[in-house]
Amino acid sequence: MQNKGLIKLFAIILSLVCLYQLSFTWFAKNVENDAVIYAESKADASDAEALGRMQQDYLDSVSGTPVVNLGFTEFTYDEVKEKEINLGLDLKGGINAILEVSVRDILYGLSNESKNPAFNEALNLATKAQKDSDKDYFDLFIESFATVSKGTVKLSDPSIFGNKSLKDKINFKMSDEDVTPILQEEVKGSINTAFEVLRSRIDRFGVTQPNIQRVGESGRILIELPGARDIDRVRKLLQSTAELQFWEVYTNQDLSQFFLSANNKLAEILVVEKTEVEKDTSIVKDDEIDDLLGEVKDSVDFESTNPLFSKLFVRFPQSQNDISSILATANVKDTASINEYLAMKEVRTLLPNELKYAKFAWENKANNDFINLYALKSNRNDAAPIQGDVISDAQQVFDQMGANPEVSMTMNSKGTKQWAKMTTANVGKFVAVVLDDYVYSAPRVNDAITTGRTSISGQFSIEEAQDLANALKSGKLPAAARIIQSDVVGPSLGQEAIDSGTYSFIIALIIVLLWMVFYYGKAGIFSDIALALNILFIFGVLTSFGAVLTLPGIAGIVLTIGMSVDANVLIYERIKEELNKGKGLKEAINDGFGGALSSILDANITTLLTGIILYIFGTGPVKGFATTLMIGIVTSLFSAIFITRLLIEWYVNNEKKLTFNTNITKNWFKDINIDFLKKRKMSYLISGIILVIGIGSLFTNGLNYGVDFKGGRTYTVRFADNVSPPEIANALKDAFESSPEVKTFGSANQLKITTKYKIDDYGVEVEDEIQNLLFNGVTPYLPEGLSYAQFKGAENEQNVGIMEFYMVGPTIADDIKQAAFWAIIGSLIVVFLYILLRFRKWQYSLGAVAAVFHDVLIVLSIFSLFYKILPFDMEIGQSFIAAILTVVGYSLNDTVVIFDRIREFDNKHPMWKYSRTVNTALSSTLGRTVNTSLTTLIVLLAIFLFGGDSIKGFMFALIIGVIVGTYSSLFIASPIMYDTTKKLDKDKKD
């Protein structure tokens, strides 16, 4: 091997760089262990919340001080944490979400909330069409508008986009074709703004190693916050539009007469309903009515005659000086009814002409379930005098007493002038600070404020004030951002995943290391050293590039260990062949490495191609798996081809004897001569029967589609004791309007609960409502005294509650299905073309792709036949697609190695019958095929048995794939290639 010195230097430098990068993970862990020791010395060990707070206090105290001194430089804890290995959501806990910025809301805003019938109908049609289409919402809107308007109304109409806001870009003379690209740019700009606003908010949130990125050119934004614990806070931060406004307000004196009139009018309107009720009860005798109503008769009469005042406690002025911005107070549960009353046309007409645009708004936060009502001085356009875009800075501070958190704001020059004007005109009156249509404060203006500085006060916690300041400082979202897909993993489940992943990884590694020494003797030790370096390289490169390590990523690393072993097996088997030909040891080693190189490259490139396709089409854990797979393939090639060779040649050059087997294995797979092609008809028959049964099951039994493909919400809930899935499903049936899908997930005290209840609805309130229903439904099965907050966060001594939450909206579920379909088709096309390019015969490509189809169908069939029987989760989701594509790569790996040997024998022995060439190639590679497959299978079984519950289905698919892939490379791919080849056997020797 040439350039040995350069390769040694590169290997040493790469090893040192990887060790340096991984050292930060070790340093960070040491600091966090110190934090645990500190917390345990300060708080009760049974108080999980206090321990967590103390740990965080310790870490905050060292965040800016040096914790590592390397002599030539120092690093603070924050810097060390930033450089440590980036653990994914499933290993660290946290939230992964895809947000969709509403293009509908952007268009509606650009039109100045147009009331044009054609425009609004087009919006509605586009919204409906999006559920069953993969087109962008904007394109659907343009198509819908053309259908609705039929040329009678143009997009440039003054009532739509030809308004004052867009007058510099759009005029009424422009055609729809002229307006469309302008609108498209406006929408794109709004989405870019949303992305920057969200990124700014996340950067200030305080989560280490956050990830935010655009998903293509759509309005979707991927956000990953590993380690985030307060999930509700994250959701509010992400979905709040932060539309800040400053309004003048009406006082209780201005509207007291209106409330009296409104109450009387509502009593008149509702008297008809009362009469209908009396008719319904007229058949009941008088004494029975008295028995039914009893003591509540008077209260019913009050509610009937005072429908508004029975729910709304109006603050009527008691004197000339009793002036307040608070109009009334109500119980939170009654606000929806009150909103309906105050929005009724008959009630709105009672407002005096000068108050006809009054806009009612509730306070942002309830106090003991009661909330205050305000009235803003709105106008015809519902435009606030001052908007939040004038805020140049905002920060959380404390009030003058230093006790209560509030938000201090600084305005730009434009805002300063507007604020000075508004406060001057309202001295002695009130001004409301409104965020997202909720009143945060409405203080009396004592003096004109000309400095451009003001404060928002309220019943804030410190975190709420910080989040409000962050939202104001980063700006408002141009449109609502809905979470259409989210995955929330509790920290305890993440730690369990780390433990199980590490445990299975170590077991798999030990098995592989021992097997290589058992099978190849001293040569196996060299491959083990190369394998250990390979693992160092993989983790070092992952850390260097900031790639995310996930649980499927660990599976990907273990799979690359199998492939690294495969490369060594290919080399060693070729060396053994050369030695059997009578060559000397050094010559055999040289020819063995050279002869195996083509097979190794072809096999790994096909797997690399499937990894690239996985990375392109996958998200979250699937992308993490693809990343580690691709990195592992590259480092495995380097380790197997160069590191192993350096070690072997160093050993041999020291005049030491080296064998590539042991006394036990030296005669294994030696002098094999099997007529595989003679058995092909039997193999076709066996595969045909299995496929017919499997396809029949796919049509009748179907597949167990997960929420990835059908939409819905899935909760992984852990109980203190074992529970019955049918019993839990029945308990939740009424709450969710139909029985949710409930099944055991891992141990018998852990369930996966999936529901499609309100799947088309989004928002923090909806999520909280559904989790409340879930909590109430399973309360009888939970430990006594467990609160809703503990259940939702699963932070309690018993480690009981929601361990993981996963939600996929119906629109993105369709997109995921399409992406999965194209990923599989794309991988097959790419592989077909690559094999065609390498082997120059379409028969090779056909044989390989046919075998892959065979393998995929059998895996699907197994999942269809057994998902109701086997005791672990066999859902068809994104992870399953990753498994299928890995099966594709593995099957091709096997097949390409065999094809490479067929081509080699065909070139060396052109006069052999082609059947002899194929059979000899299959027989000569059988040792490698069985060895690699067995090693990989043992590794996968270790992960399946000892890994986390969340990847059992994923690993099972890989196990089936390895078994079927090995079979198909021997009995399907090569026979089909042989049957379709045009090479003739006549005039050739046996």
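Going by our numbering, the letters in the sequence shown line up with residues 35 to 1024, in that order.
From the three backbone atoms N, C-alpha and C, an ideal C-beta is built for every residue, glycine too.
These numbers come from a predicted model, not from an experiment.
Bridge pairing for residue 347: 363 [DSSP]. The three-state secondary structure of residue 735, taken from DSSP, is coil. At a Cβ-Cβ threshold of 8 Å, residue 671 and residue 707 do not count as neighbours. Under the three-state reduction of DSSP output, residue 726 falls in the helix class.
Cβ-Cβ distances below 8 Å link residue 154 to 148 in the same chain, with the five nearest sequence neighbours on each side left out; the list follows chain order. Taken in chain order, the complete alpha helix (DSSP H) segments of 4 or more residues contained in the stretch 952 to 983 are 960 to 980. Residue 559: member of the alpha helix (DSSP H) spanning 556 to 578, first to last residue. With respect to the C-alpha of residue 173, the residue from 479, 455, 141 having the closest C-alpha is 141. In this structure, the alpha-carbon of residue 42 lies about 43 Å from that of residue 71. DSSP places residue 440 inside the beta strand (DSSP E), whose first and last residues are 439 to 445. For the pair residue 406 and residue 351, the CB atoms are not nearer than the 8 Å cut-off. When rounded, the separation of the alpha-carbon atoms in residue 822 and residue 446 is 43 Å. About 5 Å separates the beta carbon of residue 959 from that of residue 935, a gap short enough to meet the 8 Å contact definition. Rounded to the nearest angstrom, the gap between the Cα atoms of residue 107 and residue 908 is 51 Å. The alpha carbon of residue 226 has as its nearest neighbour, out of 413, 690, 515, the alpha carbon of 515. Shown here for residue 183: same chain residues with a beta carbon closer than 7 Å to its own, the five before and five after excluded, namely 152 in chain order.
Bridge pairing for residue 427: 444 [DSSP].
Annotation for residue 858: 890, 915, 918, 919, 922 place their beta carbon closer than 8 Å to its own, counting only its chain and skipping 5 residues before and after. Shown here for residue 993: same chain residues with a beta carbon closer than 7 Å to its own, the five before and five after excluded, namely 971, 974, 975, 978 in chain order. Among the bridge pairs identified by DSSP, residue 1010 is matched with none.
Counting along the chain, residue 279 sits inside the beta strand (DSSP E) bounded by residues 278 to 284. Counting along the chain, no beta strand (DSSP E) covers residue 881; the unbroken alpha helix (DSSP H) around it starts and ends at 876 to 900.
Nearest C-alpha to residue 871 among 793, 341, 640, 577: 640. With fewer than 16 neighbouring CB atoms inside 10 Å of its own CB, residue 712 falls in the exposed class. Close CB contacts of residue 591 within its chain, under the 7 Å cut and outside five residues either way in sequence, are with 572, 662, 666 (chain order). Within a 10 Å sphere around the beta-carbon of residue 478 sit fewer than 16 other beta-carbons, which makes this residue exposed. Listed in chain order, the alpha helix (DSSP H) elements of length 4 or more contained wholly in the stretch 781 to 829 are 798 to 812, 822 to 827.
With respect to residue 925, residue 885 sits close: the two C-beta atoms are nearer than 8 Å.
The Cβ atoms of residue 604 and residue 931 sit closer than 8 Å to each other. Beta-carbon to beta-carbon, residue 428 and residue 461 are separated by about 25 Å, too far to satisfy the 8 Å threshold. As the crow flies, the alpha-carbon of residue 411 is around 26 Å from that of residue 499. Per DSSP, residue 597 has no beta bridge partner at all. Taking 8 Å as the cut-off, the beta carbon of residue 782 is found no closer than this to the beta carbon of residue 773. By the 16-neighbour rule on beta-carbons within 10 angstroms, residue 117 is buried.
In the structure shown, the three-state DSSP call for residue 142 is helix. According to the DSSP secondary-structure assignment, residue 134 is paired through a beta bridge with 254, 516.
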